[in-house]
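Chemist: Okay, handing you the structure first.
Residue numbers (mature numbering (1 follows the signal peptide of the UniProt record, and there is no 0)): -24 to -1, 1 to 347.
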């Protein structure tokens, strides 16, 4: 390596250190915080929880040895035996909110996850999630915190009707309220904008089942995690800890085996014909189909996660690590004392000052190596 090449290598290395460049841990998964604050639903993608999967316990009865098996499945019966994989028994197309959650295989994921997490208990958990209850459990207003680097707060009325085409709201309600089975609150109950009865008012969140019995909740404190480009071999370490994985193409991976040309995934996928659902246990999918790794989502027990910081009391000294700077122009920004002066923590000039410092006192001396 020439002297000039050595200097270039050193320059790149130092810049990576300065600006914190690093590769993402391939065994991490992510969770965007969801909580209620001042009677609003907050979906916060700015303070994402990052979790190393190897720190999480194995599913009951599983261990590190399970990962070494050439074949393993979370579920060995016909999927039609699970209620969340069965047809609704009514025309779900009349309510897009209900229909979409099923078509995206999220209804099936919740049903299978509930079974898997309780498979070793005396009472088998076989549920079909009440999407109606999930919608009824959402607050009227929502705020989505997004866009790292230039935080924004997107405010809207929570879509609590049959025209909700964002399944993430139902996921949020499940995180906050748990899951109720349709035997308690039926999905045949009407929501506003139902195609048959569009003027239906939004029912209040029930305190009793439809038959006036006590409500029983499942998957309380469970959260939706997500993974991105996880290597095939590494995905097995996720399955034995968090159960089934819903991929981007709406297939649910529930195990692995050995095929003619190496290891394969066992996957169940959905198809819809004349409003009827059909779940197919596909021929085992070779690992190399997922050339760039596997991206998807799953349910996991999340009581260990840190509580969100509500930031009710902010001073001019409160660091951004504790309370993010609010979006410029928002009510929170105007009331935040950390933007009052040019040098303040949340003032736009403070970021420029930081980079000016880095440029003058760090980058410039490095550049002098080239002269």
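Each residue gets a CB set at the ideal place from its N, CA and C atoms; glycine is no exception. These numbers come from a predicted model, not from an experiment.
Could you check if residue 140 is buried or exposed, using at least 16 other CB atoms within 10 Å of its CB as the buried criterion?
Modeler: When all chains shown are included, residue 140 counts as buried.
Chemist: Taking one C-beta from the segment 187 to 195 and one from the segment 8 to 19 each time, how about it: are there three or more such pairs within less than 8 Å?
Modeler: No contact exists between the segment 187 to 195 and the segment 8 to 19.
Chemist: Can residue 69 and residue 62 be called in contact, C-beta distance under 8 Å?
Modeler: Not closer than 8 Å, so no.
Chemist: Taking its Cβ as the centre, do 16 or more other Cβ atoms sit within 10 Å of residue 231, making it buried, or is it exposed?
Modeler: Buried, by the Cβ-count rule.
Chemist: Can at least three beta-carbon pairs, one atom from the segment 237 to 249 and one from the segment 75 to 86, be found at a separation below 8 Å?
Modeler: Touching, yes.
Chemist: By the DSSP assignment, the beta strand (DSSP E) with residue 204 in it spans what residues?
Modeler: Where residue 204 is concerned, the enclosing beta strand (DSSP E) stretches over 198 to 206.
Chemist: On the DSSP bridge assignment, give the partners of residue 13 in chain order.
Modeler: Answer by DSSP bridge pairing, in chain order: 16.
Chemist: Can you tell me whether residue 41 is helix, strand or coil according to DSSP?
Modeler: It is helical.
Chemist: In three-state terms, what does DSSP make of residue 4?
Modeler: Strand at residue 4.
Chemist: Is DSSP giving residue 279 helix, strand or coil here?
Modeler: Three-state result, residue 279: coil.
Chemist: Would you be able to state if there are at least three C-beta pairs under 8 Å between the segment 201 to 210 and the segment 264 to 283?
Modeler: Yes: the two stretches touch, three or more of their Cβ pairs being nearer than 8 Å.
Chemist: Return the chain-ordered list of same chain residues with a C-beta closer than 6 Å to the C-beta of residue 389, the five sequence neighbours on each side being excluded.
Modeler: Nothing in the structure corresponds to residue 389, since the chain is present only between -24 and 347.
Chemist: Spatial neighbours of residue 221 within its chain, please: CB distance less than 6 Å, with the 5 preceding and 5 following residues excluded, ordered by chain position.
Modeler: Contacts found: 229, 272, 274.
Chemist: Would you be able to state if there are at least three C-beta pairs under 8 Å between the segment 25 to 37 and the segment 4 to 11?
Modeler: Yes, since at least three Cβ pairs between the segment 4 to 11 and the segment 25 to 37 fall closer than 8 Å, the two stretches touch.
Chemist: Give the secondary structure of residue 274 by DSSP, where H, G and I count as helix, E and B as strand, and everything else as coil.
Modeler: Correct three-state label for residue 274: strand.
Chemist: Can you check whether the CB of residue 156 is closer than 8 Å to the CB of residue 109?
Modeler: Closer than 8 Å, so yes.
Chemist: For residue 251, which residues from the same chain have a beta carbon less than 7 Å from its beta carbon, with the 5 sequence-adjacent residues on both sides left out?
Modeler: Counting only Cβ-Cβ distances below 7 Å, and skipping sequence neighbours, we find 67, 68, 69.
Chemist: Residue 167 and residue 137: beta carbons closer than 8 Å?
Modeler: Closer than 8 Å, so yes.
Chemist: Using DSSP bridges, identify the partner residues of residue 157.
Modeler: Looking at the DSSP assignment, residue 157 forms a beta bridge with 105.
Chemist: Could you check where the alpha helix (DSSP H) with residue 307 kicks off and where it finishes?
Modeler: 307 to 311 is the span of the alpha helix (DSSP H), which, as asked, contains residue 307.
Chemist: Suppose you measure from the CA of residue 310 to the CA of residue 287; what does that come to, to the nearest Å?
Modeler: Taking the straight line joining both Cα atoms gives about 15 Å.
Chemist: In terms of residues, what are the limits of the alpha helix (DSSP H) holding residue 323?
Modeler: Here residue 323 belongs to no alpha helix (DSSP H), and DSSP marks it neither H nor E.
Chemist: One question on the structure: do residue 90 and residue 97 come within less than 8 Å of each other, judged by their Cβ atoms?
Modeler: Against a cut-off of 8 Å, the Cβ pair of residue 97 and residue 90 comes out as no contact.
Chemist: I'd like the span of the alpha helix (DSSP H) that includes residue 87, first residue to last.
Modeler: 82 to 93 is the span of the alpha helix (DSSP H), which, as asked, contains residue 87.
Chemist: Please tell me whether residue 77 has its Cβ less than 8 Å away from any Cβ of chain B.
Modeler: Looking for chain B here will not work: only one protein chain is present.
Chemist: Counting C-beta neighbours from all protein chains within 10 Å, is the total for residue 172 16 or more, i.e. buried, or is it exposed?
Modeler: The residue in question, residue 172, is exposed, as its Cβ has fewer than 16 Cβ neighbours within 10 Å.
Chemist: When DSSP labels each residue in this structure, what does residue 77 get in the three-state scheme?
Modeler: In this structure, residue 77 counts as helix in the three-state DSSP scheme.
Chemist: Opposite residue 131 in the DSSP bridges: which residues?
Modeler: The partner list for residue 131 (beta bridge, DSSP) reads 119.
Chemist: Give me the Cα-Cα distance between residue 25 and residue 281, rounded to the nearest whole angstrom.
Modeler: The straight-line gap from Cα to Cα measures roughly 8 Å.
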